[in-house]
Amino acid sequence: DVTLPLGLLRAVEGALDLHAEGLELGEMRFRDLDLRATLEGGRLEIDRLAARGLAGHIEARGSLDASVAPPRLHTEAAARGLAVGLFSAPDDDDFSRGDLDLDLQAQGEDLRELFASLEGVLLLDVRGGRLQSDRLERILLGDFFGEIFSTVTSGDDGREYTEIDCAIFPLR
61 DVTLPLGLLR AVEGALDLHA EGLELGEMRF RDLDLRATLE GGRLEIDRLA
111 ARGLAGHIEA RGSLDASVAP PRLHTEAAAR GLAVGLFSAP DDDDFSRGDL
161 DLDLQAQGED LRELFASLEG VLLLDVRGGR LQSDRLERIL LGDFFGEIFS
211 TVTSGDDGRE YTEIDCAIFP LR
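The number in this note's numbering is simply the position in the sequence shown, starting from 1, with 60 added.
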């Protein structure tokens with residue numbers, strides 16, 4: 061279980077108004093980042109999170125209310141034609157693009173409880189692109205199961221990239 065810093069949310073108050081030209085989170089790349097958030101009375105409110113990717117844009121907002129028991133999370137996001145480099149080769153102009161719509165709620169004291177109570181809508185439509193072949197297994201199956209999958213299917217066929225036409229992931 062990953063414990064959330066709920067005590068800190070209850071003890072600290074403040075506001076954040078951040079504008080950045082670029083941000084890299086692992087292999088994901090964003091630009092023109094705009095983030096406005098407040099923390100007051102144990103409630104973190106993200107009024108605006110907007111950014112552009114390699115293409116397209118995303119806008120989101122959300123809240124984590126630690127002033128109630130159990131704490132409640134709500135998040136909304138919409139992205140159109142977004143490409144952030146996750147399903148693409150680094151420095152590749154043939155990156156995948158996708159649309160995202162989500163409106164999710166959850167409650168809990170830690171990440172396990174939040175994920176167990178998660179409800180709402182998540183629509184993700186990713187079109188095209190390519191992914192380094194060894195990363196596809198890790199994204200879909202994790203490191204441990206990816207190793208098993210690779211061994212059982214003789215996953216190394218010499219191709220550096222796996223082309224992505226369509227991927228559907230049922231989440232329950």
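Beta carbons: idealized from backbone N, C-alpha and C, even for Gly.
Only a predicted model underlies this, so the values are computations on that prediction, with no experimental measurement involved.
Can you round the beta-carbon distance between residue i and residue j to whole angstroms, since I take them to be within the 8 angstroms contact cut?
i	j	result
Arg70	Ala126	6 angstroms
Thr98	Ala75	5 angstroms
Considering residue i, what are the terminal residues of the alpha helix (DSSP H) in which it resides?
i	result
Ser177	Leu171 to Ser177
Among the options, which has the Cα closest to the Cα of residue i?
i	options	result
His117	Leu66, Gly168, Glu179 and Asp161	Asp161
Asp185	Ala138, Arg172, Leu124 and Ser177	Ala138
Glu100	Arg172, Leu68, Asp163 and Ser177	Leu68
Leu64	Gly102, Arg108 and Ile106	Gly102
Glu81	Arg172, Ala176, Pro131 and Gly113	Gly113
Val62	Glu173, Arg91 and Arg140	Glu173
Please confirm whether residue i and residue j have their CB atoms less than 7 angstroms apart.
i	j	result
Glu179	Gln165	yes
Gly158	Leu183	no
Leu93	Ala115	no
Leu95	Leu83	no
Gly122	Ile106	yes
Leu124	Leu104	yes
Asp170	Glu136	no
With respect to the beta strand (DSSP E) encompassing residue i, which residues constitute its N-terminal and C-terminal limits?
i	result
Gly158	Arg157 to Gln167
At least one CB of chain B closer than 7 angstroms to the CB of residue i: is that the case?
i	result
Leu76	This model lacks chain B altogether, as it is built from one protein chain only.
field: Entirely enclosed alpha helix (DSSP H) segments - the region 64-134, minimum 4 residues
entry: 66-71
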